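Respectively, the protein sequence lines represent chains A and B. Residue numbering for the first sequence follows full-length UniProt numbering, starting at 1 and increasing by one per position. Residue numbering for the second sequence follows full-length UniProt numbering, starting at 1 and increasing by one per position. Every residue, glycine too, gets a C-beta built ideally from N, C-alpha and C. Note that the coordinates shown come from a computational prediction; the quantities given were computed from them, not determined experimentally. Accompanying notes for the structure given below.
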Amino acid sequence: MDLFGNIAMGLGVAVQPINIGFCFIGALLGTVIGVLPGVGPTATMALLLPLTFGLPTEASIIMLAGIYYGAQYGGSTTAILLNLPGETSSVVTTLDGHQMARQGRAGAALAIAAIGSLVGGSVATLVLAAFGPLLTRAALSFSAPDYFALILFGLLVSIILAHGSLLKSVTMVVAGIALGTIGVDINTGQFRMTFGTMELAEGINFVPLAMGLFGIADILRNLENRGSGMGTVSVISSLWPSRDDIRRSWPAILRGTGLGSLLGVLPGGGATLASFASYSLEKKVAADPARFGKGAIEGVAGPETANNAAAQTSFVPLLTLGLPTNAVMALLVGAFIIQGVQPGPMMLKQQPGLFWGLIASMWIGNLMLVVINLPLIGLWVKLLRVRYEFLFPAVLLFCAIGAYSLHNSGFDILVMAVFGAVGYLLIKLGCEPTPLLLGFVLGPMLEENLRRSLMLSRGSLMTFIEHPISLTILIAFALTLVTVVRPSMRRKRDIAFAEEET
Amino acid sequence: MPPSRSGSCPQDIIAGIFFLVIGLAGMWNSFSYPIGTALQMGPGYFPALVFGLLAALGLAILVKGLLAAGPGIQGWAWRPTLLVLGGLVLFAVLAPVLGFVLSCMLLTTVATLAVPEMPWRTRLGLAAALTGFCWLIFIAGLGVLIPSWPELLP
Chain A
1 MDLFGNIAMG LGVAVQPINI GFCFIGALLG TVIGVLPGVG PTATMALLLP
51 LTFGLPTEAS IIMLAGIYYG AQYGGSTTAI LLNLPGETSS VVTTLDGHQM
101 ARQGRAGAAL AIAAIGSLVG GSVATLVLAA FGPLLTRAAL SFSAPDYFAL
151 ILFGLLVSII LAHGSLLKSV TMVVAGIALG TIGVDINTGQ FRMTFGTMEL
201 AEGINFVPLA MGLFGIADIL RNLENRGSGM GTVSVISSLW PSRDDIRRSW
251 PAILRGTGLG SLLGVLPGGG ATLASFASYS LEKKVAADPA RFGKGAIEGV
301 AGPETANNAA AQTSFVPLLT LGLPTNAVMA LLVGAFIIQG VQPGPMMLKQ
351 QPGLFWGLIA SMWIGNLMLV VINLPLIGLW VKLLRVRYEF LFPAVLLFCA
401 IGAYSLHNSG FDILVMAVFG AVGYLLIKLG CEPTPLLLGF VLGPMLEENL
451 RRSLMLSRGS LMTFIEHPIS LTILIAFALT LVTVVRPSMR RKRDIAFAEE
501 ET
Chain B
1 MPPSRSGSCP QDIIAGIFFL VIGLAGMWNS FSYPIGTALQ MGPGYFPALV
51 FGLLAALGLA ILVKGLLAAG PGIQGWAWRP TLLVLGGLVL FAVLAPVLGF
101 VLSCMLLTTV ATLAVPEMPW RTRLGLAAAL TGFCWLIFIA GLGVLIPSWP
151 ELLP
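Shown next as structure tokens:
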């Protein structure tokens, strides 16, 4: 089937009333929760994941994708209005977006962010639709050593993109892989590290782990900071960008689309890398770079477009290789598996309706975001003012009921509470939990592919060098590693993260 | 955060010890399973490798913390930690016994004690409102299998 036939089939799935309905609900809920201060996209997804359990497979995945876009857009809204980025990918939006808000141009910033997201998202969806099947065919020729090398590379990139010390990020990835070894050993059926409990036989459940590390730990941190104030909400005058804004924005939107689509595909890359790269690109090509940081609209248009485009193309490694490249994709893997679908190269063949339906619903989801968000900005601003002491008990209740409903037992709540405490401790120790989550999801795949490779090669490590694909990836791995540990590069990375903290 | 005066970094020392202990414990536990060889890995091979690596990284962080000055750990919010986590444990244990309504009320009430200045009327009102809202979504809407009320008959 050709590309357009496939997209038409996908649209046929996506516009079924039930799917379009859940896409809408997802985008709306995602925005509502994502706008709440202190709740980023990962926490939003973890929080709303249980809502999708009872739905049909297609509807539940489409709703989750809707939640993701909504949460991401909600994060940009708080970044612009409150100078509070919901997650790292909207950090650069605060630089110029919040400056615009302080000049009373928040409406224009929000509108350009929405339009940029729509353009970037739509084009990137086309890229995904065009290259997804090609990559899937390539992925089917991947052997175990290739997967092993690819997963290692993805983990390396996630380490580089994490905040703070490299040593601690490496430790977090390894800790995640270590947690992933808990449960039945797939090759021998032996119970490992289960402390004699039946509940841990299938390993630590991903959902309470994520809700604990992100949802509960965030509650504890926010309760500690209470009283320091959540910032001020600026006044919104006109929603419409001026003609000058549009003239300045559209080239930035086009550049952001290209850059974001490209960078999103990289394992471990995704939205954060894309928005940072786009901001520096805009600053470089601008006629007057001094305007940046003082409310330059290109500084909002470029990164917002790029992060949405990248958010879309980061589905590529997930859908074609079955590899999640960031925490949100890792959550989606959890959702796929709960629905009984194994994401990966076989998905396109076995579930073409789901694959193309998901892609088509990304379009519809993006369109809905614009429709939902622009008229409702006034409402979001009101939501921003909800006091945290009314907010956190609601988040807590959602987490508790969600965790309980996984297996109808309190055990998952206890797991969630433990990881809430661990997550808070990690924040205090200066360790970012995102690499841990990725290590946890990718760890079992890493082990499986390592064992399979060595079994096929009769225990020889040379197998990783003898396979051309894995050799290429390992060379890229080594080059990246050398670049990162070079002192000049380390300084650059420190500066990049220092900028975002101010 | 101000660095400590002794030329060490308490944050890194604690982090290092934390990961070192977990790594060693995990490695020790892994050796209780068959290890096997690289060709035919037993269930203990990969965990021993990973937990060993974790211990080594913990040691590295510890050494770094002892040598270089850095931030300490500040402002652990004990009261919220205990109340929020305690509320969750209560919910986990009591939900099958007390039913949905009472355990939700209990969790909200205990958790909001983390905000001591909240008036009791607000606290209980909030608990009732959130419980009703969640009941509509999860019990009526999604059909989560928690009984609404305690089972009075044994």
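Among the options, nearest to residue i - alpha-carbon criterion
{"i": "residue 214 (chain A)", "options": "A:301, A:427, A:172 and A:144", "result": "A:427"}
{"i": "residue 139 (chain A)", "options": "A:442, A:378 and A:343", "result": "A:343"}
{"i": "residue 369 (chain A)", "options": "A:95, A:110 and A:50", "result": "A:110"}
{"i": "residue 181 (chain A)", "options": "B:80, B:51 and B:73", "result": "B:51"}
{"i": "residue 303 (chain A)", "options": "A:19, A:43, A:54 and A:119", "result": "A:119"}
{"i": "residue 260 (chain A)", "options": "A:249, A:272, A:467 and A:245", "result": "A:272"}
{"i": "residue 91 (chain B)", "options": "A:483, A:416 and A:435", "result": "A:416"}
{"i": "residue 276 (chain A)", "options": "A:285, A:265, A:256 and A:290", "result": "A:256"}
{"i": "residue 210 (chain A)", "options": "A:293, A:327 and A:240", "result": "A:327"}
{"i": "residue 421 (chain A)", "options": "B:89, B:49, B:71 and B:66", "result": "B:89"}
{"i": "residue 106 (chain A)", "options": "A:455, A:387, A:450 and A:374", "result": "A:374"}
{"i": "residue 265 (chain A)", "options": "A:296, A:221, A:247 and A:324", "result": "A:324"}
{"i": "residue 44 (chain A)", "options": "A:296, A:359, A:216 and A:321", "result": "A:216"}
{"i": "residue 55 (chain B)", "options": "B:31, B:65, B:12 and B:21", "result": "B:21"}
{"i": "residue 387 (chain A)", "options": "B:126, B:95 and B:135", "result": "B:126"}
{"i": "residue 403 (chain A)", "options": "A:212, A:293, A:467 and A:436", "result": "A:212"}
Short Cβ contact (7 Å threshold) for residue i with residue j
{"i": "residue 21 (chain A)", "j": "residue 66 (chain A)", "result": "no"}
{"i": "residue 306 (chain A)", "j": "residue 278 (chain A)", "result": "yes"}
{"i": "residue 19 (chain B)", "j": "residue 72 (chain B)", "result": "no"}
{"i": "residue 53 (chain B)", "j": "residue 157 (chain A)", "result": "no"}
{"i": "residue 147 (chain B)", "j": "residue 87 (chain B)", "result": "no"}
{"i": "residue 356 (chain A)", "j": "residue 6 (chain A)", "result": "yes"}
{"i": "residue 531 (chain A)", "j": "residue 372 (chain A)", "result": "There is simply no residue 531 (chain A) to check, as chain A begins at 1 and stops at 502 in what is shown."}
{"i": "residue 148 (chain A)", "j": "residue 450 (chain A)", "result": "yes"}
{"i": "residue 443 (chain A)", "j": "residue 11 (chain B)", "result": "no"}
Cα-Cα separation, residue i to residue j
{"i": "residue 78 (chain B)", "j": "residue 224 (chain A)", "result": "9 Å"}
{"i": "residue 433 (chain A)", "j": "residue 17 (chain B)", "result": "18 Å"}
{"i": "residue 150 (chain A)", "j": "residue 82 (chain A)", "result": "38 Å"}
{"i": "residue 183 (chain A)", "j": "residue 199 (chain A)", "result": "9 Å"}
{"i": "residue 190 (chain A)", "j": "residue 43 (chain B)", "result": "7 Å"}
{"i": "residue 124 (chain A)", "j": "residue 176 (chain A)", "result": "31 Å"}
{"i": "residue 251 (chain A)", "j": "residue 52 (chain A)", "result": "38 Å"}
{"i": "residue 469 (chain A)", "j": "residue 314 (chain A)", "result": "21 Å"}
{"i": "residue 99 (chain A)", "j": "residue 298 (chain A)", "result": "13 Å"}
{"i": "residue 440 (chain A)", "j": "residue 47 (chain A)", "result": "19 Å"}
{"i": "residue 194 (chain A)", "j": "residue 262 (chain A)", "result": "42 Å"}
{"i": "residue 455 (chain A)", "j": "residue 38 (chain B)", "result": "8 Å"}
{"i": "residue 24 (chain A)", "j": "residue 333 (chain A)", "result": "21 Å"}
{"i": "residue 101 (chain B)", "j": "residue 396 (chain A)", "result": "15 Å"}
{"i": "residue 9 (chain A)", "j": "residue 351 (chain A)", "result": "12 Å"}
{"i": "residue 113 (chain A)", "j": "residue 366 (chain A)", "result": "12 Å"}
{"i": "residue 486 (chain A)", "j": "residue 480 (chain A)", "result": "10 Å"}
{"i": "residue 330 (chain A)", "j": "residue 33 (chain B)", "result": "29 Å"}
Which of helix, strand or coil DSSP assigns to residue i
{"i": "residue 192 (chain A)", "result": "strand"}
{"i": "residue 422 (chain A)", "result": "helix"}
{"i": "residue 184 (chain A)", "result": "strand"}
{"i": "residue 211 (chain A)", "result": "helix"}
{"i": "residue 143 (chain B)", "result": "coil"}
{"i": "residue 75 (chain A)", "result": "helix"}
{"i": "residue 7 (chain B)", "result": "coil"}
{"i": "residue 36 (chain B)", "result": "strand"}
{"i": "residue 41 (chain B)", "result": "strand"}
{"i": "residue 373 (chain A)", "result": "helix"}
{"i": "residue 77 (chain B)", "result": "coil"}
{"i": "residue 297 (chain A)", "result": "coil"}
{"i": "residue 125 (chain A)", "result": "helix"}
{"i": "residue 416 (chain A)", "result": "helix"}
{"i": "residue 23 (chain A)", "result": "helix"}
{"i": "residue 266 (chain A)", "result": "coil"}
{"i": "residue 19 (chain B)", "result": "helix"}
{"i": "residue 58 (chain A)", "result": "helix"}
{"i": "residue 41 (chain A)", "result": "helix"}
{"i": "residue 247 (chain A)", "result": "helix"}
{"i": "residue 431 (chain A)", "result": "coil"}
{"i": "residue 225 (chain A)", "result": "coil"}
{"i": "residue 240 (chain A)", "result": "coil"}
{"i": "residue 326 (chain A)", "result": "coil"}
{"i": "residue 499 (chain A)", "result": "Here residue 499 (chain A) scores only 48 on pLDDT, less than 50, and its place in the model is too uncertain to base an answer on."}
{"i": "residue 51 (chain A)", "result": "helix"}
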